[in-house]
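A quick write-up on the structure given underneath.
Protein chains: 2
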Amino acid sequence: MAVRPTDTKEEILRLGTEFIQTYGYNAFSYADISKELHIKNAAVHYHFPGKEDLLAGIIDQYILRYRELAKTFANPGISSKHKLQSIISRYSALCDQGRICLIGSVCADYNTLPDSVKARLTELIGLVLGMVEKVLREGKKKGELQFTETARVKSMLLMTNLAAGVQLARITGQKDYTAICNSILKQLVV
Amino acid sequence: MAVRPTDTKEEILRLGTEFIQTYGYNAFSYADISKELHIKNAAVHYHFPGKEDLLAGIIDQYILRYRELAKTFANPGISSKHKLQSIISRYSALCDQGRICLIGSVCADYNTLPDSVKARLTELIGLVLGMVEKVLREGKKKGELQFTETARVKSMLLMTNLAAGVQLARITGQKDYTAICNSILKQLVV
DNA sequence: ATACATACTTACTAATCAGTAAGTATTTCC
DNA sequence: GGAAATACTTACTGATTAGTAAGTATGTAT
């Protein structure tokens, strides 16, 4: 068949991400993906032999995307406030879709994952925290952002607020997430 | 057999909690529980007919415990700082055991849960946030704690730091969690 | 044109999952 | 001592799980 050469692989990655963010890693099956894409489960296994290969692929995709974003953020022309809001808006988008942060979702099942996936997850988190840390440090230096903690600790405080904020919002409602974001910006932006 | 009348039910609740915090709700089975307790899986079904009944039981147990803690916290003799540290130490204990917050873990699988469990989860979160909010408001009034946000928003910021902090710590190491806690206390305690 | 790689489908399998019906031992109440 | 409730075990079931081996259609390079 193969109407479009390799779109299927991209679609599997997209759906897998959606399922993890919506239902959790151990709550969806290859059958869920194959039904949605109108293919057979063996087709999913063709692209990703095991479920952990799919998760590894999804995390790898995230790593590439965040490397790209980090590159974009290297541009000093973009204001630190704008970069900060760009990060926040990613979580707001998740919230609007009733999804949660991929890392936060996978974290719940962390101890069921093979070492190769654990290593990728560690890399992804390091990448994200490092990027945010840089934005914060730069923003403070330029007088656009203010905080008393170290940039490293502040990046963790900020990202835990956002990650658990969307988790909270899914249960208690979006206005809680909005309140968190407003408070973060009020404290952080000069 | 029934050597000890109803210890089994308590043990199932205890193990279920441990599994959720360690591996995730959709990652453990009744077989895991029955093997560990050296009983048959039907015995687990006897106490909790369905897996969602077990989860409901676990959440109910948490609700009762937090109601007790809230009662203890009603004592004005205990300092607000001590109450705050008591809350933080609960999360530190999870961190030490390589576990994560029950709510945070279940949240990943939230959309796979029946409405009855969702409602219980909402109640539990309301209870915890309400309790923390009270501690913060009281602490500020007594001049023991300081923050510029509303007590409500600050309670959410604090709890999201702690909940996602233990999630983060399991992946990147405990020192990140320690840094978060130290920062929280430094900011909050007068 | 043909060989080969890609991208699947067909048709399974073995294991595990939650869940149940029926039987049994033990304790408790009267 | 008999009835009933409690706390299980035995012995299953049907559905779903991840995963595979073998076959097929389609495009590509020579």
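Just so you know, the protein sequences line up as chains A and B, in that order.
Here the first sequence stands for residues 1 to 190, where the numbers follow our numbering.
Here the second sequence stands for residues 1001 to 1190, where the numbers follow our numbering.
Think of the CB as a built atom: it goes at the ideal place given N, C-alpha and C, for glycine as much as any other residue.
This structure is a prediction, so every number in the text was calculated from the model and none was measured.
Exercise. May I have the straight-line CA-CA distance separating residue 83 (chain A) from residue 135 (chain A), to the nearest angstrom?
Key: Locating residue 83 (chain A) in the first sequence gives position 83, where the first residue counts as 1. Locating residue 135 (chain A) in the first sequence gives position 135, where the first residue counts as 1. Cα to Cα, the separation comes out at about 7 Å.
Quiz item: So with Cβ pairs under 8 Å, would you call residue 171 (chain A) a contact of chain B?
Solution: By 1-based counting over the first sequence, the position of residue 171 (chain A) is 171. Residue 171 (chain A) belongs to the set of residues whose beta carbon lies under 8 Å from a beta carbon in chain B.
Self-check item: DSSP-derived helix/strand/coil call for residue 1012 (chain B)
Solution: Here residue 1012 (chain B) refers to the residue found at position 12 of the second sequence. In the structure shown, residue 1012 (chain B) sits in a helix (DSSP, three-state: H, G or I).
Quiz item: How do the stretch 104-122 of chain A and the stretch 1018-1025 of chain B stand: do at least 3 beta-carbon pairs fall below 8 Å, yes or no?
Solution: Yes, they touch.
Quiz item: Apart from the five residues on each side of it in sequence, which residues of its chain come closer than 8 Å, Cβ to Cβ, to residue 1031 (chain B)?
Solution: Taking the first residue of the second sequence as position 1, residue 1031 (chain B) is located at position 31. Beyond the five residues adjoining it in sequence on each side, residue 1031 (chain B) comes within less than 8 Å, by CB distance, of 1041 in the same chain, given in chain order.
Quiz item: Do you know how far the Cα of residue 1183 (chain B) is from the Cα of residue 117 (chain A)?
Solution: Within the first sequence, numbered from 1, the residue matching residue 117 (chain A) stands at position 117. Within the second sequence, numbered from 1, the residue matching residue 1183 (chain B) stands at position 183. Rounded to whole angstroms, residue 117 (chain A) to residue 1183 (chain B) spans 30 Å at the Cα level.
Quiz item: Does the beta carbon of residue 115 (chain A) come closer than 8 Å to any beta carbon on chain B?
Solution: By one-based count along the first sequence, residue 115 (chain A) stands at place 115. Chain B, which has no Cβ nearer than 8 Å to the Cβ of residue 115 (chain A), makes this no.
Exercise. Identify every residue that forms a DSSP beta bridge with residue 1189 (chain B).
Key: If you number the second sequence from 1, residue 1189 (chain B) lands on position 189. Its beta-bridge partners are B:1145.
Self-check item: Cβ neighbour criterion (16 or more within 10 Å) applied to residue 1169 (chain B)
Solution: On the second sequence, residue 1169 (chain B) is found 169 positions in, with the first residue counted as 1. Result: buried.
Quiz prompt | Partners in chain B for residue 62 (chain A), counting only beta-carbon separations shorter than 9 Å | solution = Here the question's residue 62 (chain A) lines up with position 62 in the first sequence. The premise fails here: residue 62 (chain A) is roughly 14 Å from chain B at the closest Cβ pair, so nothing lies under 9 Å.
Exercise. Give a single yes or no on whether residue 80 (chain A) has its beta carbon closer than 7 Å to a heavy atom of the ligand PLP.
Key: Within the structure as shown, the ligand PLP is missing, as the structure has no ligands at all.
Practice problem: Hey, could you find the ends of the alpha helix (DSSP H) residue 1040 (chain B) is sitting in? | Solution: Here residue 1040 (chain B) refers to the residue found at position 40 when the second sequence is read from its first residue. Per DSSP, residue 1040 (chain B) lies in no alpha helix (DSSP H) and is assigned neither H nor E.
Self-check item: Inter-residue Cα distance where the pair is residue 51 (chain A) and residue 44 (chain A)
Solution: Locating residue 51 (chain A) in the first sequence gives position 51, counting from the first residue. Locating residue 44 (chain A) in the first sequence gives position 44, counting from the first residue. Near 9 Å, if we compare the C-alpha coordinates of residue 44 (chain A) and residue 51 (chain A).
Quiz item: Out of curiosity, what's the CA-to-CA distance linking residue 1096 (chain B) and residue 1166 (chain B)?
Solution: Working through the second sequence from its first residue, we reach residue 1096 (chain B) at position 96. Working through the second sequence from its first residue, we reach residue 1166 (chain B) at position 166. Those two C-alpha atoms are separated by around 9 Å.
Self-check item: Ordered list of alpha helix (DSSP H) runs contained in the stretch 78-107 of chain A, each at least 4 residues
Solution: Listed in chain order, they are 80-96.
Practice problem: Using a threshold of 8 Å, state whether the C-beta atoms of residue 33 (chain A) and residue 58 (chain A) are closer than that. | Solution: Against the first sequence, residue 33 (chain A) aligns to sequence position 33. Against the first sequence, residue 58 (chain A) aligns to sequence position 58. No, the pair does not count as a contact, with Cβ atoms beyond the cut-off.
Quiz prompt | Minimum C-alpha distance to residue 37 (chain A) - residue among A:56, A:149, A:9, A:61 | solution = Position 37 of the first sequence, counting from 1, holds the residue named residue 37 (chain A). The residue among A:56, A:149, A:9, A:61 with its C-alpha nearest the C-alpha of residue 37 (chain A) is A:9.
Quiz item: Tell me which same chain residues have a C-beta within less than 6 Å of the C-beta of residue 151 (chain A), skipping the five on either side of it?
Solution: For the purposes of this step, residue 151 (chain A) is taken as the residue at position 151 of the first sequence. Contacts found: 133, 136, 137.
Quiz item: How far does the alpha helix (DSSP H) with residue 56 (chain A) in it reach, from first residue to last?
Solution: Counting from one through the first sequence, the residue named residue 56 (chain A) turns up at place 56. Here the alpha helix (DSSP H) through residue 56 (chain A) covers 51-73.
Quiz item: What are the boundary residues of the alpha helix (DSSP H) that residue 1151 (chain B) is part of?
Solution: Here residue 1151 (chain B) is taken as the residue at index 151 of the second sequence, counted from 1. Residue 1151 (chain B) -> alpha helix (DSSP H) spans 1151-1172.
Exercise. Can you give me the Cβ contacts of residue 1002 (chain B) inside the same chain, cut-off strictly under 8 Å, excluding the 5 residues immediately before and after it?
Key: On the second sequence, residue 1002 (chain B) is found 2 positions in, with the first residue counted as 1. Note that residue 1002 (chain B) has pLDDT 34, beneath the 50 cutoff, so the model's placement of it is unreliable and no number is given.
Quiz item: Closest to residue 1187 (chain B) by CA distance: which of B:1068, B:1162, B:1147 is it?
Solution: Position 187 of the second sequence, counted from the start, is the residue given in the question as residue 1187 (chain B). That would be B:1147, whose Cα lies nearest to the Cα of residue 1187 (chain B).
Self-check item: Euclidean distance between Cα positions of residue 1027 (chain B) and residue 81 (chain A)
Solution: One-based indexing of the second sequence puts residue 1027 (chain B) at position 27. One-based indexing of the first sequence puts residue 81 (chain A) at position 81. Distance between the alpha carbons of residue 1027 (chain B) and residue 81 (chain A) is about 40 Å.
Exercise. Kindly give me the distance between the Cβ atoms of residue 103 (chain A) and residue 125 (chain A), rounded to whole angstroms, as I take these residues to be in contact under 8 Å.
Key: Residue numbering aside, residue 103 (chain A) sits at position 103 when the first sequence is read from its first letter. Residue numbering aside, residue 125 (chain A) sits at position 125 when the first sequence is read from its first letter. Rounded to whole angstroms, the Cβ separation of residue 103 (chain A) and residue 125 (chain A) is 6 Å, and the two are in contact under 8 Å.
Quiz item: In whole angstroms, what is the alpha-carbon distance linking residue 1090 (chain B) and residue 1154 (chain B)?
Solution: For this step, residue 1090 (chain B) is matched to residue 90 along the second sequence. For this step, residue 1154 (chain B) is matched to residue 154 along the second sequence. Distance from the CA atom of residue 1090 (chain B) to the CA atom of residue 1154 (chain B), rounded to whole angstroms, is 18 Å.
Practice problem: Might you give, ordered along the chain, the residues of its own chain that have their beta carbon closer than 6 Å to the beta carbon of residue 1139 (chain B), omitting 5 neighbours on each side? | Solution: For the purposes of this step, residue 1139 (chain B) is taken as residue 139 along the second sequence, with counting starting at 1. Scanning its chain for C-beta atoms nearer than 6 Å, with the 5 sequence neighbours on each side dropped, one finds around residue 1139 (chain B) the residues 1080, 1145, in chain order.
Quiz item: Out of A:48, A:69, A:54, which has the shortest C-alpha to C-alpha gap to residue 131 (chain A)?
Solution: As a working note, residue 131 (chain A) is residue 131 in the first sequence. The candidate whose alpha carbon is nearest that of residue 131 (chain A) is A:69.
Quiz prompt | Amino acids of chain B, ordered along the chain, whose beta-carbon sits closer than 8 Å to that of residue 131 (chain A) | solution = In the first sequence, counting from the first residue as 1, residue 131 (chain A) sits at position 131. Residues of chain B passing the Cβ test: none, with the nearest at roughly 15 Å.
Quiz prompt | Check whether residue 1161 (chain B) and residue 160 (chain A) have beta carbons under 8 Å apart | solution = In the second sequence, residue 1161 (chain B) corresponds to position 161, counting from 1. In the first sequence, residue 160 (chain A) corresponds to position 160, counting from 1. Going by beta carbons, residue 1161 (chain B) and residue 160 (chain A) fall inside the 8 Å limit.
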